[in-house]
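Protein chains: 2
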Amino acid sequence: MFQYLFMKWSLCFLVGLIVSLIGFFNNLAVENIAGLKFEFGWKIVGRSKMAFFVFSASNMILTLFACLITAFIAPAAAGSGIPEVKAYLNGVDAPGILSLRTLFVKVVGSITAVSASLVVGKAGPMVHTGACVASLLSQGGSKKYGLTWKWLRFFKNDRDRRDLVTCGSAAGIAAAFRAPVGGVLFALEEMASWWRSALLWRSFFATAVVAIVLRALIDVCLSGKCGLFGKGGLIMFDVYSANITYHLADIPSVLLLGVMGGILGSFYNFLLEKVLRVYNYINEKGTVYKILLACLISLFTSCLLFGVPWLGTCQPCPPDALEACPTIGRSGNYKKFQCSSGHYNDLASLIFNTNDDAIRNLFSRNTDSEFHASSVLVFFLICCVLSILSYGIVAPVGLFVPVIVTGASYGRFVGMLFGSRPHSSLNHGLYAVLGAASFLGGSMRMTVSLCVILLELTNNLLLLPLIMLVLLISKTVADAFNGNIYDLIMKAKGLPYLEAHAEPYMRQLTVADVLSGPLWTFHGVEKVGTIIHVLRITRHNGFPIVDERSEDDSRVLSGLILRAHLIVLLKRKDAFMSTPVERGGGGAEFSAADFAKRGSGNGDTIDDLQISAEEMEMYVDLRPFTNASPYTVVETMSLAKALVLFRQLGLRHLLVIPKISNVSSLFSCLI
Amino acid sequence: MFQYLFMKWSLCFLVGLIVSLIGFFNNLAVENIAGLKFEFGWKIVGRSKMAFFVFSASNMILTLFACLITAFIAPAAAGSGIPEVKAYLNGVDAPGILSLRTLFVKVVGSITAVSASLVVGKAGPMVHTGACVASLLSQGGSKKYGLTWKWLRFFKNDRDRRDLVTCGSAAGIAAAFRAPVGGVLFALEEMASWWRSALLWRSFFATAVVAIVLRALIDVCLSGKCGLFGKGGLIMFDVYSANITYHLADIPSVLLLGVMGGILGSFYNFLLEKVLRVYNYINEKGTVYKILLACLISLFTSCLLFGVPWLGTCQPCPPDALEACPTIGRSGNYKKFQCSSGHYNDLASLIFNTNDDAIRNLFSRNTDSEFHASSVLVFFLICCVLSILSYGIVAPVGLFVPVIVTGASYGRFVGMLFGSRPHSSLNHGLYAVLGAASFLGGSMRMTVSLCVILLELTNNLLLLPLIMLVLLISKTVADAFNGNIYDLIMKAKGLPYLEAHAEPYMRQLTVADVLSGPLWTFHGVEKVGTIIHVLRITRHNGFPIVDERSEDDSRVLSGLILRAHLIVLLKRKDAFMSTPVERGGGGAEFSAADFAKRGSGNGDTIDDLQISAEEMEMYVDLRPFTNASPYTVVETMSLAKALVLFRQLGLRHLLVIPKISNVSSLFSCLI
């Protein structure tokens, strides 16, 4: 018991450690690759035509690389990964989702896709990465590649694995945003279908490890040992360390921002879903089409990013600018882009930056005059279009950062419209923060976790009441139109999901109404041939064990046996007996490790078994391997209540038993 | 349905609004009463003997008032209230805990007790206040005092009331500490036994309202319209707005702080429990003893607070002090207390302040030379002793702030011991914050919620990794010794509590092993006399309805009926029938409102019924009033699994049914 607990905490520690290292490496690689690209494109190749060529070619190569490894090595790594992990935690273990291959492609693909200037994020992939790391650790490594640890055998079951994957997804958000509390809340609010208070503590531990390791690594990098990894390396827009003030007079404009953010967010979801459906259609045609689509998107992105800044205005550099102005190349907020010296192009300053830097620019205060309203509007439209078009490509791309950058530009634009009113004490940067909140609320529909993540990003708790207000409003408004973006993606991907609340029609039905037959049951001592036959003709994963009592011919439920355990029994064969009366399993000895849960999709199937005709006639005593206490409901139980039971307890099987019994009944109330 | 949702949100809004108003009033009153006391004691009465007399007499009067109203009006309001609310949310509805009387005494008593210079907090009482407000609103006011609202009838059931009480306790913490996110997490982690994601959102809404209302009220007060209510009125120790730095070299001392904090915190719990047991013994002797005990504690507190500063050292005022130095009277951090002019007494500066101000002093940075180590140690001991002695008195007193102030002085003392080491980048104020965290972790054993509350109090997210680390360590260390302080108090108060996890021995038992008889069941159509008889001789709250089928003499479970619903049926009498065959309840019509849940302890009991001998012979059809889908388990179900079912679904009754059935079984697996 003590060993188990110690191991569990060690695993959480390892998850935190590995996820933070991956997260840091991720950022380091993106900053360096994207940095080199910009340096090369601008500094070395001076002329704009050549610059465009270098820019779009390098983007194309990076995109192609991300798509190729995804399509050929691990197709499950495409997309954000949050819907898949959410479905896993709801009980749907789709094959390959949490494998080592997926992990590898997710990390490398996410780095290259983000470096390719696509408007995609790396937070979603980090969540999937965290889940993969946790799952691999709890399985004791990947058996396929010979990386296994014997001492992790305790955790080869669904429950411990699910708990650890929850911790892993919390650690993923913590590593992506440096938001440890936000990560825990994200896992609680959005990811987990099943939660208990011990999990709160354990995921908190994992994210604490992430926070501390990241802090130590950044301390190392601040001394300049990380190449082009600069201050902006890890997202943290602590641009509001000064006190901000706001008053009741600001509330109406904030309310309006929230309402519009909700409408726009739900519209964003709507468009994204439509585009995803079109892409699904294209992607089904074959791998070549997938790759072509991605290349097309990359080219379109390059053209748009390079062409649109011509619409921007050249503005004189502010005399009191804290940074160099104008600049060319990667760093610096005032981009020269075709302007005369002493001037900068405001649209280029937003576009020719990583998304992180663009968000930092939009959030920054004391820069109210830096951007024109028209430039911010154009940037908003570009982000909107590109992020919707880019999400569906076959590469590990996230949605979090694109939604934040789109929302921030929306908010800043609204702030500029309101900015001229008297008595407004909110600056444009603050509007950008609130805009990001409203867009996130309208699209992702989380509340507490988004609020805490935004607070941890901006590092200013005084913003709390306003962010809360905006989130509540935008979520409420958006809920009137459609669903959470991850749920929409899950539906588009065909992943089933069991909601926590019952639909109204379920109250009218009993469980007996929804039973489908035929039901296959086994006897406590069953013939091998019968088991093989039933396993072949059905796809059920659990079978009730029902015995007849010889005295009065009544039937008794002994328990439930799982398909996976039956296959282990049939494979080992040493529990086979020649006659049904024999007891004790023919002297066979099994340990719990024999029934350990394998990695997803790695278990044996019925087709792997080799059973001779003679063995078919033998018997096996199933009773020692039966779950003798399955959860049951009476057939007249309302379907809604059965759903609550199923979901709240995280069940996979629920036995329905008949209502009538003729024994001297032993009904009783506990407590 | 829409009306129900709208009402539910409106109620949350009202809870937030009322709780924030009460919280603000609370602070306003404390600041003004305590302020007046100090002004009068020092400024007007110059000499120290007279000052002591005025000080101790005013403390005595305030304490006496708090104790008298508690003892005579609402004894349930004594103590922090958090254990009671926690027990309520676990399913134990002790009488009077959430009544209007309790609310009144809680608010007024808490104000006077805190003003009486006792080392007690007002956060716990705020949680209880929030729960009372929520409960009263969900009941539609107090029937006893004629304050009822008809349109709140939807919420007169256990489930909605429990949800709203959870929101109320979140709002309470939010109002006490201005920590909206911390409040939600506190309700989730510490209070609620039963949680669903909709609740997260709703409690978040309530705390958002609290945050916004408090902010608006403080804006009003900043213009000086609130008497002596100054900057320090609402706890918010935002003393770390500047960037702080810390490095890996600081980790060992932080670890040590956490370990010692855990040991001290659990020792604090141990002492508090022992003292509570002694007090329980004294309090049982009668009201006079209760009052005498409280007066004694008040006198002891006054003597100690007034006597100990003589141990403090007189120090010269720092030439660069930002405040007046030395000062007499209430305000100011440098107290003169018997020192010559130009000097201040460091111990008096800590003691002659409200707890909030003392915490602010201890947390403040750039004051490393303000206090002597010996003074801080003495202050730590005083706080420890006084807070342990004060908690058990018959008045509404909390534990949160005393634990914080004790922990802060402990942390500052440790910081002073470590401070001389080279390479330490942590100042004494930061040590005080971490000390408070370690003491809270060691005593209250929360993690995420305490972390967020401390962050919201100090308003600096950079402290997050260190606070997380300290909390995890101190909780882990303290868990090795004893339990959470609220659980200990609950046990001392005799409140039952159903833990979420099963004890190991439960795995060896089946539910059949723990059934106690005799079980009383009713028929679908039952004789009134039988019902009355059973209700009189038992104290069961639920009864299974079991019918015999005429065809084959088998017994069928039809459902479960509640005692409260039976009493309503028997009281109304119009469902009575003269013969058992009649169907449809004799034309009686009941609406859902008839069965609405009353306020705790206000329902009718069996003794209130007047049934004539003739009516005793009549029949009543119970079937329309039965819960036809009660949750059931088979008798061979493991006790541990049944406990999980009971607790996770928040059940009050669980039916145990026999295993054997002779019907052609309709077993099946859902999904």
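First to last, the sequence lines map onto chains A and B. Position 292 (the first sequence) corresponds to 292 in the UniProt record's numbering; numbering is contiguous. Position 512 (the second sequence) corresponds to 512 in the UniProt record's numbering; numbering is contiguous. Ideal Cβ positions, reconstructed from N, Cα and C, are used throughout, including at glycine. In this text, all values refer to a predicted model and were calculated from it rather than measured experimentally.
Can you tell me the Cα-Cα spacing of residue i and residue j, whole angstroms?
i: V181 (chain B); j: I453 (chain B); result: 8 Å
i: T207 (chain A); j: A179 (chain B); result: 21 Å
i: T406 (chain B); j: P465 (chain B); result: 22 Å
i: L103 (chain A); j: T510 (chain A); result: 43 Å
i: R563 (chain A); j: I531 (chain A); result: 10 Å
i: A78 (chain A); j: T166 (chain B); result: 41 Å
i: K37 (chain A); j: W310 (chain A); result: 21 Å
i: P95 (chain B); j: A216 (chain B); result: 36 Å
i: A512 (chain B); j: L381 (chain B); result: 53 Å
i: S20 (chain A); j: A175 (chain A); result: 5 Å
i: L666 (chain B); j: R623 (chain A); result: Only weak support exists for where L666 (chain B) lies, its pLDDT of 33 falling under 50; the value from the coordinates is given anyway. Approximately 21 Å, taken between the alpha carbons.
i: V514 (chain B); j: V634 (chain B); result: 13 Å
i: L471 (chain A); j: F24 (chain A); result: 29 Å
For residue i, which residues in chain A fall below 8 Å Cβ to Cβ?
i: C451 (chain B); result: V181, F204
i: S223 (chain B); result: Those do not exist, as S223 (chain B) stays about 12 Å from chain A at its closest Cβ, beyond 8 Å.
Using the rule of at least 16 other Cβ atoms within 10 Å of the residue's Cβ for burial, across every protein chain shown, is residue i buried or exposed?
i: N59 (chain A); result: buried
i: Y4 (chain A); result: exposed
i: A187 (chain A); result: buried
i: T579 (chain A); result: exposed
i: L670 (chain A); result: The predicted position of L670 (chain A) is uncertain, since its pLDDT is 33 and thus under 50; a value taken from the coordinates is nonetheless stated next. By the neighbour-count rule (16 or more Cβ atoms within 10 Å), L670 (chain A) is buried.
i: E456 (chain A); result: buried
i: E503 (chain B); result: exposed
i: C303 (chain A); result: exposed
i: E617 (chain B); result: exposed
i: S203 (chain B); result: buried
i: M50 (chain A); result: exposed
i: L11 (chain A); result: buried
i: H533 (chain B); result: exposed
i: V574 (chain B); result: Looking at the sequence itself, residue 574 (chain B) is Asp, so the reference to Val does not match. Burial call: exposed.
i: I291 (chain A); result: buried
i: L440 (chain B); result: buried
Using the beta-carbon of each residue, which ones in chain B are nearer than 8 Å to residue i?
i: A211 (chain A); result: L464, P465, M468
i: A208 (chain A); result: P465, M468, L469, L472
i: E189 (chain A); result: S197, L200
i: R215 (chain A); result: P465
For residue i, which residues in chain B fall below 7 Å Cβ to Cβ?
i: residue 715 (chain A); result: Examination of residue 715 (chain A) is not possible in this model, given that chain A is present from 1 through 671 alone.
i: V184 (chain A); result: V448
Identify the contact partners of residue i in chain A, using a Cβ-Cβ distance below 7 Å as the criterion.
i: Q648 (chain B); result: Q648, L649
i: L199 (chain B); result: None at all; the shortest Cβ gap to chain A is about 11 Å.
i: A628 (chain B); result: T636
i: R196 (chain B); result: A500
Taking one C-beta from the stretch 491-509 of chain A and one from the stretch 640-651 of chain A each time, how about it: are there three or more such pairs within less than 8 Å? yes
For the stretch 462-485 of chain B, which residues have a CB atom closer than 7 Å to at least one CB atom of chain A, in sequence order? L464, P465, M468, L469, L472
Please name the residues in the stretch 428-453 of chain A whose beta-carbon is closer than 7 Å to at least one beta-carbon of chain B, in chain order. Cβ contacts with chain B come from T447, V448, C451, V452.
Any residues in the stretch 632-646 of chain A with a beta carbon nearer than 8 Å to a beta carbon of chain B? Which ones, in chain order? Result list: T632, V633, V634, E635, T636, M637, S638, K641, A642, V644, L645, F646.
Contact between the stretch 87-105 of chain A and the stretch 62-74 of chain A (3+ Cβ pairs under 8 Å): yes
Segment contact flag, the stretch 395-403 of chain B with the stretch 108-124 of chain B, C-beta cutoff 8 Å, min 3 pairs: yes
Does the contact criterion of 3 or more C-beta pairs under 8 Å hold for the stretch 473-486 of chain B versus the stretch 503-523 of chain B? With the cut-off at 8 Å, the stretch 473-486 of chain B and the stretch 503-523 of chain B do not touch.
Do the stretch 377-394 of chain A and the stretch 111-130 of chain A touch if we need at least three Cβ pairs shorter than 8 Å? yes
Report the residues of the stretch 531-551 of chain A with a CB closer than 9 Å to any CB of chain B, ordered along the chain. Listed by position, the residues of the stretch 531-551 of chain A near chain B (Cβ gap below 9 Å) are H540, N541, G542, F543, P544, V546, R549.
Output, in sequence order along the chain, the residues in the stretch 68-88 of chain A whose CB is closer than 7 Å to any CB in chain B. Against chain B - using a Cβ distance shorter than 7 Å - the stretch 68-88 of chain A contributes no residues.
Members of the stretch 99-130 of chain B that neighbour chain A once the beta carbon cut-off is set at 8 Å: none
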